[in-house]
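All remarks here apply to the structure that follows.
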Amino acid sequence: MSNAIPAIAPVSAALRAYGASAAPAAGDFGSMVGKAARTSLATLRQAEVTSARGVAGMADVQEVVQAATAAELTVQTMTQLRDKVVGAYTDVLRMAV
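Below is the structure:
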(Lines of atoms letter the chains of each structure in order from A and count residues from 1; the text may use other names and numbers.)
(Lines give C-alpha, C1' and ligand atoms only; values in the text may rest on other atoms or scores of the structure.)
Protein backbone atom coordinates (compact mmCIF):
# COMPACT_ATOMS: atom_id res chain seq x y z
CA MET A 1 0.00 0.00 0.00
CA SER A 2 1.54 3.30 -1.03
CA ASN A 3 1.38 6.33 1.19
CA ALA A 4 -0.24 9.04 -0.97
CA ILE A 5 0.04 11.91 1.53
CA PRO A 6 3.82 12.48 1.14
CA ALA A 7 3.27 12.87 -2.61
CA ILE A 8 1.17 15.97 -1.99
CA ALA A 9 3.68 18.68 -1.14
CA PRO A 10 1.36 21.22 0.57
CA VAL A 11 -0.15 18.54 2.79
CA SER A 12 3.27 17.19 3.71
CA ALA A 13 4.50 20.69 4.54
CA ALA A 14 1.46 21.33 6.71
CA LEU A 15 1.95 18.02 8.52
CA ARG A 16 5.59 18.85 9.23
CA ALA A 17 4.67 22.37 10.39
CA TYR A 18 2.25 21.02 12.96
CA GLY A 19 4.52 18.19 14.01
CA ALA A 20 2.23 15.46 12.72
CA SER A 21 3.34 12.40 10.86
CA ALA A 22 1.88 11.29 7.56
CA ALA A 23 1.60 7.70 8.77
CA PRO A 24 -1.63 6.66 10.45
CA ALA A 25 -1.54 5.91 14.14
CA ALA A 26 -0.52 2.39 15.02
CA GLY A 27 -3.28 0.10 16.20
CA ASP A 28 -6.31 -1.66 14.94
CA PHE A 29 -10.01 -0.89 14.90
CA GLY A 30 -10.62 -2.71 18.17
CA SER A 31 -8.07 -0.63 20.05
CA MET A 32 -9.51 2.55 18.56
CA VAL A 33 -13.01 1.61 19.72
CA GLY A 34 -11.69 0.64 23.14
CA LYS A 35 -9.89 3.96 23.50
CA ALA A 36 -13.04 5.85 22.47
CA ALA A 37 -15.08 3.91 25.04
CA ARG A 38 -12.56 4.61 27.80
CA THR A 39 -12.48 8.31 26.90
CA SER A 40 -16.28 8.46 26.90
CA LEU A 41 -16.45 6.77 30.28
CA ALA A 42 -13.86 9.21 31.66
CA THR A 43 -15.95 12.14 30.40
CA LEU A 44 -19.06 10.76 32.08
CA ARG A 45 -17.20 10.15 35.35
CA GLN A 46 -15.77 13.68 35.28
CA ALA A 47 -19.27 15.09 34.74
CA GLU A 48 -20.54 13.09 37.70
CA VAL A 49 -17.73 14.33 39.95
CA THR A 50 -18.25 17.92 38.84
CA SER A 51 -22.00 17.64 39.45
CA ALA A 52 -21.38 16.29 42.95
CA ARG A 53 -18.99 19.15 43.62
CA GLY A 54 -21.65 21.58 42.37
CA VAL A 55 -24.28 20.14 44.71
CA ALA A 56 -21.81 20.47 47.59
CA GLY A 57 -21.21 24.10 46.62
CA MET A 58 -17.56 23.54 45.71
CA ALA A 59 -17.91 24.02 41.93
CA ASP A 60 -19.01 26.96 39.86
CA VAL A 61 -22.33 26.72 38.02
CA GLN A 62 -20.55 27.20 34.70
CA GLU A 63 -18.29 24.20 35.38
CA VAL A 64 -21.31 22.04 36.20
CA VAL A 65 -23.14 23.11 33.04
CA GLN A 66 -20.08 22.49 30.87
CA ALA A 67 -19.55 19.04 32.38
CA ALA A 68 -23.24 18.16 31.94
CA THR A 69 -23.16 19.34 28.32
CA ALA A 70 -20.03 17.28 27.62
CA ALA A 71 -21.69 14.23 29.16
CA GLU A 72 -24.86 14.78 27.14
CA LEU A 73 -22.89 15.09 23.90
CA THR A 74 -20.93 11.94 24.74
CA VAL A 75 -24.08 9.94 25.43
CA GLN A 76 -25.71 11.18 22.21
CA THR A 77 -22.64 10.29 20.17
CA MET A 78 -22.33 6.82 21.67
CA THR A 79 -26.05 6.20 21.16
CA GLN A 80 -25.81 7.17 17.49
CA LEU A 81 -22.78 4.92 17.02
CA ARG A 82 -24.60 2.04 18.69
CA ASP A 83 -27.60 2.55 16.41
CA LYS A 84 -25.34 2.54 13.33
CA VAL A 85 -23.60 -0.66 14.44
CA VAL A 86 -26.92 -2.39 15.14
CA GLY A 87 -28.23 -1.22 11.75
CA ALA A 88 -25.14 -2.54 9.97
CA TYR A 89 -25.43 -5.86 11.81
CA THR A 90 -29.09 -6.12 10.81
CA ASP A 91 -28.16 -5.44 7.17
CA VAL A 92 -25.54 -8.19 7.29
CA LEU A 93 -28.09 -10.62 8.70
CA ARG A 94 -30.47 -9.82 5.85
CA MET A 95 -27.86 -10.56 3.16
CA ALA A 96 -28.41 -13.60 1.01
CA VAL A 97 -25.72 -16.21 1.29
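As numbered in the numbering used here, residues 31 to 127 make up the sequence shown, in order.
All C-beta atoms, glycine included, are put in the ideal place defined by N, C-alpha and C.
Keep in mind the model is a prediction, meaning the values are calculated, not measured.
- Cβ atoms of Thr80 and Val91 stay farther apart than 8 Å, at about 11 Å.
- Here DSSP, grouped into helix, strand and coil, assigns Asp90 to coil.
- The three-state reading of DSSP puts Val115 in helix, counting H, G and I together.
- The C-alpha of Arg124 is placed about 32 Å away from the C-alpha of Arg68.
- Collapsing the DSSP output to three states places Asp58 in coil.
- Look at Val79 here: in three-state DSSP terms it is helix.
- Ala101 sits buried, since 16 or more C-beta atoms from the chains shown fall within 10 Å of its C-beta.
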